[in-house]
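K.L.:
Okay, so the sequence shown: first residue is 1 according to the numbering used here, each after it adds one. By construction, the Cβ of each residue, glycine as well, lies at the ideal position given by its N, Cα and C atoms.
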Amino acid sequence: MRSVLIASGFSLIISILLTPLAIRAFRRQGLGQEIRDDGPESHLSKKGTPTMGGTVIVGATVGGYVAAHLFLGGRDNWGFTASGLMLIFLMVGMGTVGFLDDYLKIRHRRSLGLNKTAKLVGQLLVGVSFAVLAINFPNSDGVTPASTVVSYVRDIAPFALGSIAFVILAYLFIAGFSNAVNLTDGLDGLAAGSSAMVFASYVFISFWQFTHDCANELIDGCYTVRDPLDVTLVAAAGLGACLGFLWWNTSPARIFMGDTGSLALGGLLSGLAIVTRTELLLIVLGGLFVAVTLSVVIQVAFFRATRRRVFRMAPLHHHFELAGWTENTVIVRFWLVTAMAVAFGIGLFYADWLNIVGL
1 MRSVLIASGF SLIISILLTP LAIRAFRRQG LGQEIRDDGP ESHLSKKGTP
51 TMGGTVIVGA TVGGYVAAHL FLGGRDNWGF TASGLMLIFL MVGMGTVGFL
101 DDYLKIRHRR SLGLNKTAKL VGQLLVGVSF AVLAINFPNS DGVTPASTVV
151 SYVRDIAPFA LGSIAFVILA YLFIAGFSNA VNLTDGLDGL AAGSSAMVFA
201 SYVFISFWQF THDCANELID GCYTVRDPLD VTLVAAAGLG ACLGFLWWNT
251 SPARIFMGDT GSLALGGLLS GLAIVTRTEL LLIVLGGLFV AVTLSVVIQV
301 AFFRATRRRV FRMAPLHHHF ELAGWTENTV IVRFWLVTAM AVAFGIGLFY
351 ADWLNIVGL
């Protein structure tokens, strides 16, 4: 448990202390946010706010994870694991794609960075690389970081996939969720606060799997996963990094995470779901991200079919802004929705365990 506190604590400290330094540095370099011309008029005042704050989130997450290992490095059977390093790779890789997108927005002074093809290619390279690596590197018990079986709270045996099908599905899952967080990052603190709650749920889930790991004791309800404690450290580091960044990102935001942060956070959340065998459960835990994405899909599809709109504006949070809600009201209520989704998802996870052990 001490290692989890070190990971979250160090990432929190790194994030909360480095973010104001990043704000000053980005201001000096003129790295300000460009605002959509077709967005809410109230957002035009945010133009020029420093962006690419996701670099701090990624750095703090990596720093917290490494710090936990350095402080407890003298223990037996304690070290970096394949699962932990792959999650860090996925976060850094997706963050790099987002960084390039943010950089091009600033360089060309427009709200669009990488074109859709370039962004998808970048996500393809990172997502496929992670998926291929994750079904390799078995431990002494033959357990790999990821399973080729579709999972909900644990693997669903009838939905076994081949390696190729798994890689394709994993890529779609990673790209989909990273873009979902990206779409949600439209209001001050909305994506950071919501992501922090989902990371907190994965701290609980992965630590519960660690204390009920089939590799340690074959008991009813145990989990066949690889490196659950190291996965907990990554989730805890991500939680601390988001909370530290949120200190400066709450309304009125002094810095935005940009695509650098949103793609990195979405990538890490999807990676955590894959290595903990809870892919479908993430749809519940991250219900807000799913709802925001669906609002865009519905809006586009309905408009193309009828030339009419379902929402005043998509994504969903802009619809409520134009309906008269203040920005802070939208943010807090959407945080509450995320909290309820996380509570419900953890309830489903725990209910499955109770059902198996017969309680």
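What separation, rounded to the nearest whole angstrom, lies between the Cα atoms of residue 187 and residue 337?
P.N.:
Position 187 of the sequence shown, counted from the start, is the residue given in the question as residue 187. Position 337 of the sequence shown, counted from the start, is the residue given in the question as residue 337. The straight-line gap from Cα to Cα measures roughly 15 Å.
K.L.:
Does the count of Cβ pairs from the segment 61-73 and the segment 98-106 closer than 8 Å reach three?
P.N.:
Segments in contact, no.
K.L.:
Please confirm if residue 104 has its CB atom under 7 Å from at least one CB of chain D.
P.N.:
In the structure shown, chain D does not exist; there is a single protein chain.
K.L.:
Please report the distance separating the alpha-carbon of residue 194 from that of residue 284.
P.N.:
Position 194 of the sequence shown, counted from the first residue, corresponds to residue 194. Position 284 of the sequence shown, counted from the first residue, corresponds to residue 284. Using only the alpha carbons, I get a separation of about 13 Å.
K.L.:
Tell me the residue span of the alpha helix (DSSP H) that contains residue 151.
P.N.:
As a working note, residue 151 is residue 151 in the sequence shown. That residue, residue 151, is in no alpha helix (DSSP H); its beta strand (DSSP E) goes 149-151.
K.L.:
Please confirm whether residue 189 and residue 232 have their CB atoms less than 7 Å apart.
P.N.:
As a first step, residue 189 is located in the sequence shown; it is residue number 189 there, counting from the start. As a first step, residue 232 is located in the sequence shown; it is residue number 232 there, counting from the start. Cβ distance not < 7 Å, so residue 189 and residue 232 don't count as in contact.
K.L.:
For residue 289, which residues from the same chain have a beta carbon less than 6 Å from its beta carbon, with the 5 sequence-adjacent residues on both sides left out?
P.N.:
For the purposes of this step, residue 289 is identified with residue 289 of the sequence shown, where counting begins at 1. These residues qualify, in order along the chain: 180, 181 and 184.
K.L.:
Report all residues from its chain with a CB closer than 7 Å to the CB of residue 196; omit the five preceding and five following residues, and keep chain order.
P.N.:
The residue labelled residue 196 in the question sits at position 196 within the sequence shown. Answer for residue 196: 239, 242, 243 and 246, listed in chain order.
K.L.:
What number of angstroms, rounded off, separates the C-alpha of residue 11 from the C-alpha of residue 303?
P.N.:
Translated into the one-based positions of the sequence shown, residue 11 becomes position 11. Translated into the one-based positions of the sequence shown, residue 303 becomes position 303. So the two alpha carbons sit approximately 43 Å from each other.
K.L.:
Is there contact here, the segment 314-321 with the segment 163-178, by at least three beta-carbon pairs under 8 Å?
P.N.:
no
K.L.:
If I measure Cβ to Cβ from residue 16 and keep anything under 7 Å in the same chain, skipping five residues before and after, which residues do I get?
P.N.:
Mapped onto the sequence shown, residue 16 falls at position 16. These residues qualify, in order along the chain: 244 and 247.
K.L.:
Spatial neighbours of residue 155 within its chain, please: CB distance less than 6 Å, with the 5 preceding and 5 following residues excluded, ordered by chain position.
P.N.:
Counting from 1 along the sequence shown, the entry for residue 155 is found at position 155. Excluding sequence neighbours, residue 155 sits near 147, 149 and 277.
K.L.:
Let me know the beta strand (DSSP E) ranges lying completely inside the segment 65-133, each 3 residues or longer, listed in chain order.
P.N.:
none
K.L.:
Can you look up residue 166 in the DSSP assignment and give me helix, strand or coil?
P.N.:
Indexing the sequence shown from 1 puts residue 166 at position 166. Helix, per DSSP.
K.L.:
Taking the alpha carbon of residue 265 as the reference point, which residue from 235, 275 and 135 has its own alpha carbon closest?
P.N.:
Walking along the sequence shown from the start, residue 265 turns up at place 265. Residue 265 has its Cα closest to that of 235, out of 235, 275 and 135.
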